[in-house]
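Visitor: Next up is a structure, given as C-alpha cells.
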Amino acid sequence: MDPAHLLGTGGALGAVLRYLVGEAVPAEEFPVATLVVNVVGSFVLGLVTFGGVGGDVALFVGGGMCGAFTTYSSFSVQTVLLWERRTPLLAAVNAAGNLLSCVGAVWLARLLVG
Amino acid sequence: MRRKRALERFETVLLVAVGGFAGSNLRYFFDAAIPQPLAATFLVNVAGSFALAVLLYDATGGELFARRSRLVFGAGFLSSFTTYSTFVVEAFTRPDAALLYVGASYACGFGAVLVGRAALGRIDGGGH
C-alpha cells in the first residue's frame, strides 16, 4: 500500500484517540492530557522501534498512530501559557516532566522488547 | 436534542480525523524530503508550534478563525503534524546529538510560540 496512505490513516486514528483522551482527562490546572498521550505514544513507538517491527506496520502504528497521537505543538503552547498564566515553576515541571517521563517510557519499552 | 448532540460529536471526530490524516501526511513529506531525520522532526515541531500559537492565541481574542477551523487545524492537522514520540525516540537513539537536539527543539519551539503570537498581534492590528 502507498506509505502516505498508511501513515495518514494511522494519523487520523491517532488524532481521534488523542482528542478523546483530551475530553476524558481534566486538564484545567495542568496539561495532564498532553502528558498522558505523549508518554503512552512514546512507549508504543519505543515498542515498535526496538521490537523489530518494520514495513507497513511500523509506518501505520509508529509514524502514523503514535506520531499523531503525541503532539509537540500543544506541548509548546501549553508550556508558554503555564509560564505566563501560572508560574515559571509549573512551566519547567511540564517541560522537564514530558521529556523525562517519555524518555523513561522509551527506555522501559526497549527493556521489554529490545 | 440528544440525536443532534451525537451528530455534532460525530462531526467533530470526523473533522479531527481529516486534519490528522493531512497533518501526518505532511510530516511524512518532510521526513522524505529532508535526508537528516532529526532536522526534519525539528522543523515540523517548530513550524507547528508557531502555527498553533497563532491559531490558539486567536481563540482568546479576536476570533479570526471559526471554532470548526480550529478543530480541523489545531486538534487535527497541527497536533498530528508535530510529534513528541518521534522526537523522544530520536533523542534516545542518538545520544551523541541528544543534548543539542533537545535543547534546540525546546528553545526554538517555545520561541516559535512567542513569535507566532506576536505575528498575529501585528496582523490583527494589536487588538489582543
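Chains A and B supply the protein sequences, listed in that same order. The opening position of the first sequence corresponds to residue 1 in my numbering, with each subsequent residue numbered one higher. The opening position of the second sequence corresponds to residue 115 in my numbering, with each subsequent residue numbered one higher. Backbone N, C-alpha and C define an ideal beta-carbon position, used for all residues, glycine too. All of these numbers come straight from a predicted model, not from anything done at the bench.
Taking Cβ-Cβ distances below 7 angstroms as the criterion, which residues of the stretch 59-73 of chain A are in contact with chain B?
Guide: Cβ contacts with chain B: Gly-63, Gly-64, Cys-66, Gly-67, Ala-68, Thr-70, Thr-71, Tyr-72 and Ser-73.
Visitor: Anything in chain A within Cβ reach of Gly-223/B, meaning under 7 angstroms, just list it in chain order.
Guide: Here residue 223/B refers to the residue found at position 109 of the second sequence. The contacting residues are Tyr-72 and Ser-76.
Visitor: Spell out a yes or no on whether the stretch 64-79 of chain A and the stretch 8-20 of chain A are touching, meaning 3 or more CB-CB pairs, one atom from each, closer than 8 angstroms.
Guide: The answer is yes - the stretch 8-20 of chain A touches the stretch 64-79 of chain A, with three or more Cβ pairs under 8 angstroms.
Visitor: If contacts are defined as beta-carbon pairs under 8 angstroms, then Gly-230/B and Val-186/B qualify, I think. What distance do you get, rounded to the angstrom?
Guide: Here residue 230/B refers to the residue found at position 116 of the second sequence. Here residue 186/B refers to the residue found at position 72 of the second sequence. Not really, about 18 angstroms apart at Cβ, beyond 8 angstroms.
Visitor: Report yes if the CB atom of Val-37/A is closer than 9 angstroms to the CB atom of Phe-206/B, and no otherwise.
Guide: Taking the first sequence and counting its residues from 1, one reaches residue 37/A at position 37. Taking the second sequence and counting its residues from 1, one reaches residue 206/B at position 92. Not a contact, by the Cβ cut-off of 9 angstroms.
Visitor: Taking the C-alpha atoms as reference points, what is the distance between Thr-233/B and Val-80/A?
Guide: For the purposes of this step, residue 233/B is taken as residue 119 along the second sequence, with counting starting at 1. For the purposes of this step, residue 80/A is taken as residue 80 along the first sequence, with counting starting at 1. First, the amino acid is wrong: residue 233/B is Ala here, not Thr. Whole-angstrom Cα-Cα distance: 16 angstroms.
Visitor: Comparing the C-beta of Ser-183/B with each C-beta of chain A, is any distance below 9 angstroms?
Guide: Here residue 183/B corresponds to residue number 69 of the second sequence, with the count starting at 1. It does not; no Cβ of chain A falls within 9 angstroms.
Visitor: Output the distance between the C-alpha atoms of Gly-114/A and Phe-43/A, rounded to the nearest integer angstrom.
Guide: Here residue 114/A corresponds to residue number 114 of the first sequence, with the count starting at 1. Here residue 43/A corresponds to residue number 43 of the first sequence, with the count starting at 1. Rounded to the nearest angstrom, the two C-alpha atoms are 13 angstroms apart.
Visitor: Using beta-carbon positions only, say whether Phe-201/B and Ala-161/B come within less than 9 angstroms of one another.
Guide: Walking along the second sequence from the start, residue 201/B turns up at place 87. Walking along the second sequence from the start, residue 161/B turns up at place 47. No.
Visitor: Quick one: which unbroken alpha helix (DSSP H) runs of 4-plus residues sit fully inside the stretch 155-222 of chain B? Chain order, please.
Guide: If we require 4 residues or more, the alpha helix (DSSP H) runs fully inside the stretch 155-222 of chain B come out as 181-184 and 199-207.
Visitor: If we ignore side chains and look at the alpha-carbon of each, how far apart do Tyr-142/B and Asp-56/A end up?
Guide: To locate residue 142/B, count along the second sequence from 1; it is residue 28. To locate residue 56/A, count along the first sequence from 1; it is residue 56. Answer to the nearest angstrom: the Cα atoms are 14 angstroms apart.
Visitor: For Glu-28/A, does the three-state DSSP call read helix, strand or coil?
Guide: Translated into the one-based positions of the first sequence, residue 28/A becomes position 28. Three-state DSSP puts Glu-28/A in coil, outside helix and strand.
Visitor: Taking C-beta pairs closer than 9 angstroms, name the residues in chain A that Leu-192/B reaches, listed in chain order.
Guide: Locating residue 192/B in the second sequence gives position 78, counting from the first residue. The answer, in chain order, is Thr-71, Ser-73 and Ser-74.
Visitor: Could you check whether the Cβ of Arg-119/B sits closer than 9 angstroms to any Cβ belonging to chain A?
Guide: Start at 1 with the first residue of the second sequence, and residue 119/B comes out as number 5. Arg-119/B does not count as touching chain A.
Visitor: Look at the alpha carbon of Ser-219/B and the alpha carbon of Leu-140/B, and state the distance between them as a whole number of angstroms.
Guide: What you label residue 219/B is simply residue 105 of the second sequence in a count that begins at 1. What you label residue 140/B is simply residue 26 of the second sequence in a count that begins at 1. Looking at the two C-alpha atoms, the distance is approximately 19 angstroms.
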